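This is the structure in structure tokens:
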């Protein structure tokens, strides 16, 4: 289990103090946590459950219901492969397969073991003309062929080390 | 009150405002099919199978479970169009459901299967879209098979609202929605208390009991083992339902006969253990009341789900817990210590099986080191009423027509006080009958304590012993229990006098008769039928209504234990509790 840093507790406390007396506070507090960490960590959920006297199960209902919240720390590189109709027909499934193979991610998982890369499927990213397309962090890569995967990932890794 | 008048299928009906169409139809003996609605639970309108037509409201289709009858409504519950619609809903549900009824833990007692049969579904019109999912048997008490889940939400409603346990919740939404513990943990890592209420409320095979019958068969075939068995109070009044009888038929003596035919050499009754529990617990109460009033209230601990709940949620009240073991554990330890001497068999040969109305009892047998007081595990295997019914059928025993038999009295003779342990209020009543005698040395002229009987969630009563007013509370369904304990906690925090002296807790609504290991369906009507049968059994014991009068209890103490709370009693019959986290992670 991750340890709860003292300063972080202070930050969470500040969010808690702000919203605690208000009705329907849970979702606002969770927004605060999501903004601070980029996800809602398990130990903070547990901390909130005891502070707010809300069952942990209820917190997870809210967190998993709304797409806005994440339960896992964001990856350094989020690779979103478009699986809209055009991209799908132009070979998105092959791209995903290739990416996961290169990054050693098992077919059902999304993250690399070191959590540096995340490969996810998204619906249309609005670049149908560039099908098949993927987005790495903010940057769009289009008209991809399976053999493009390796060099693209290499560029990222070079950027990283420099 | 102004009543609402309406027509259902052209039959006039008059109901109180707010009555659902589903309930109103029942009054006219019309059954509207349901899948997500359960008589114990709020309607959630999840499945849509109860759809009806309002003829004078543009033929609008509405769900009978959540729509209240309105003045002059003309409701049609059954016509060819509605049947077609319901059948489509059913077919859609089935397209997401594995087609493996034959291998299912609920084969033969599944509401979805029943509906599919009555709608004569013969082919699959929609492409099946069934995902294989991993089963969760981590508790070794109940198994969750998510692939069979139809997402009706009953398990969550009962886990959160009735039991206040919050082990299960809705994760995600839409197609991805699933009933799981927070964080997709396994049930064993969650606050689950193994009560099995989710299981008896589940309409399909998504939740079923962990099957231990193999272990029992293995022991029965082992010539080196001397197999003994005990049956819990609640089993005798519900097992008939597994053989098509009405709820509340007392079949004690046929169960004894069936167990002998299955090959058990010693046939005991947990009611005897209950009488021992009373001897110890009533003595404990008398002792605390007289010498340590600051330790009040005393809280009963026969129920393993309740013990689990308390250790996770109310561990500040551990000092108030009776240290006395449950009747099952007591019968178990005596079957491996006291009993072998009476029949000249080596204690190490005894294999002890318990038949319980309960899924949680399967985990109680390994709860703490005190459950091994005989030197070995005191109860080797627990099977539920349902599992026993299956074993009886597998063995080709014509159960209903068996001749009556008697138990082995040494651990099988019981008083009326022992038998009512299976009903909410029963433990309290049984303990008060004996505590009165232990404190006053007199005998009660009237042994019934009617105020603690019945199905009400929280029952409170006062009685006078030796001029002192004793305030008692009885709670069943853990949501109700939480309310009583919060009262105790807050009095404690404020330094006020305790609101109650003695509290009985049973996790399942109705007590053990409503346990997660019971066969068939569940509703308050069924609970009451089973409860009435237990009080009837109590009455049938005539002069033997109190535990201390049970002649075999007297022999047990004279020859073996000494007296209640003696050193030997404490070693064998008492236990300890520890605070545990709600989430393992």
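Protein chains in written order, with the numbering used here: chain A, 815 to 976; chain B, 109 to 693.
Ideal Cβ placement from N, Cα and C applies to all residues, glycine included.
Computed from a prediction, not measured in an experiment: that's the story for all the values here.
Among the options, nearest to residue i - alpha-carbon criterion
i	options	result
residue 143 of chain B	B/257, B/311 and B/693	B/311
residue 450 of chain B	B/258, B/664 and B/294	B/664
residue 655 of chain B	B/546, B/636 and B/126	B/546
residue 287 of chain B	B/306, B/301 and B/271	B/306
residue 291 of chain B	A/843, A/885, A/847 and A/955	A/885
residue 657 of chain B	B/637, B/522, B/692 and B/673	B/522
residue 337 of chain B	B/630, B/580 and B/487	B/487
residue 754 of chain B	B/209, B/326 and B/466	Since the displayed chain B opens at 109 and closes at 693, residue 754 of chain B lies outside it and no answer follows.
residue 695 of chain B	B/453, B/428, B/458 and B/424	The displayed coordinates of chain B run from 109 to 693. Any statement about residue 695 of chain B would go beyond what the structure contains.
residue 475 of chain B	B/635, B/379, B/249 and B/186	B/249
residue 54 of chain B	B/128, B/246, B/577 and B/202	Residue 54 of chain B lies beyond the stretch modelled for chain B, which goes from 109 to 693, so this question has no answer here.
residue 135 of chain B	B/148, B/119, B/333 and B/225	B/119
residue 980 of chain A	A/934, A/904, A/905 and A/859	As shown, chain A starts at 815 and ends at 976. That puts residue 980 of chain A outside it, with no answer to give.
residue 244 of chain B	B/294, B/566 and B/255	B/294
residue 335 of chain B	B/370, B/363, B/416 and B/362	B/370
residue 527 of chain B	B/551, B/447, B/620 and B/600	B/620
residue 767 of chain A	A/825, A/880, A/836 and A/915	Chain A is shown only over 815 to 976; residue 767 of chain A falls outside these bounds and no answer can be derived.
residue 88 of chain B	B/241, B/264, B/185 and B/356	Because chain B is modelled from 109 through 693, residue 88 of chain B falls outside the range shown and cannot be assessed.
residue 385 of chain B	B/543, B/641 and B/255	B/543
residue 415 of chain B	B/191, B/613 and B/364	B/613
residue 353 of chain B	B/634, B/625 and B/224	B/634
residue 906 of chain A	A/931, A/920 and A/938	A/938
residue 68 of chain B	B/197, B/220, B/216 and B/315	In the structure displayed, chain B extends from 109 to 693; residue 68 of chain B sits before or after that span and is not available.
residue 122 of chain B	B/564, B/227 and B/181	B/181
Cutoff 9 Å: residue i Cβ touching any chain A Cβ
i	result
residue 123 of chain B	no
residue 280 of chain B	yes
residue 649 of chain B	no
residue 268 of chain B	yes
residue 338 of chain B	no
residue 502 of chain B	no
residue 633 of chain B	no
residue 690 of chain B	yes
residue 128 of chain B	no
Under 9 Å by beta carbon: chain A residues contacting residue i
i	result
residue 291 of chain B	856, 859, 870, 874 and 885
Residues that residue i contacts on chain B, provided the C-beta gap is smaller than 7 Å
i	result
residue 931 of chain A	Within 7 Å Cβ-Cβ: nothing; residue 931 of chain A doesn't reach chain B, min ~22 Å.
residue 878 of chain A	279 and 280
Contacts of residue i in chain A (Cβ-Cβ under 8 Å)
i	result
residue 274 of chain B	869, 870, 871 and 872
Residues bridged to residue i (per DSSP)
i	result
residue 377 of chain B	B/339
residue 682 of chain B	B/432
residue 169 of chain B	B/161
residue 406 of chain B	B/610
residue 566 of chain B	B/583
residue 896 of chain A	A/936
residue 576 of chain B	B/573
residue 113 of chain B	B/122
residue 315 of chain B	B/252
residue 180 of chain B	According to DSSP, residue 180 of chain B bridges with nothing at all.
residue 279 of chain B	B/286
residue 462 of chain B	B/338 and B/490
heavy atom of the ligand NAP below 8 Å from residue i C-beta
i	result
residue 649 of chain B	In the structure on display, the ligand NAP does not appear, and there are no ligands present to speak of.
(message) So, does the region 254-269 of chain B touch the region 132-147 of chain B, judging by three or more C-beta pairs under 8 Å?
(response) yes
(message) Three or more C-beta pairs under 8 Å: does that hold for the region 896-907 of chain A against the region 942-957 of chain A?
(response) yes
(message) Below 8 Å, how does it come out for the region 607-620 of chain B and the region 574-581 of chain B: are there three or more Cβ pairs, yes or no?
(response) yes
(message) Would the region 477-492 of chain B count as touching the region 344-353 of chain B if we require 3 or more Cβ pairs under 8 Å?
(response) The answer is no - the region 344-353 of chain B does not touch the region 477-492 of chain B, with fewer than three Cβ pairs under 8 Å.
(message) With a threshold of 8 Å, are at least 3 pairs of Cβ atoms found where one atom belongs to the region 168-183 of chain B and the other to the region 123-138 of chain B?
(response) yes
(request) Assess, as a yes-or-no matter, whether the region 377-386 of chain B is touched by the region 429-436 of chain B under the definition of 3 or more beta carbon pairs within less than 8 Å. (result) Contact holds: three or more Cβ-Cβ distances are below 8 Å.
(request) State whether the region 665-679 of chain B contacts the region 270-290 of chain B, with contact taken as three or more CB pairs (one from each stretch) at a distance under 8 Å. (result) no
(message) Check whether the region 150-166 of chain B and the region 963-975 of chain A touch, using three or more Cβ-Cβ pairs below 8 Å as the test.
(response) no
(message) For the structure I just gave you, are there three or more beta carbon pairs, one from the region 621-628 of chain B and one from the region 320-329 of chain B, closer than 8 Å?
(response) no
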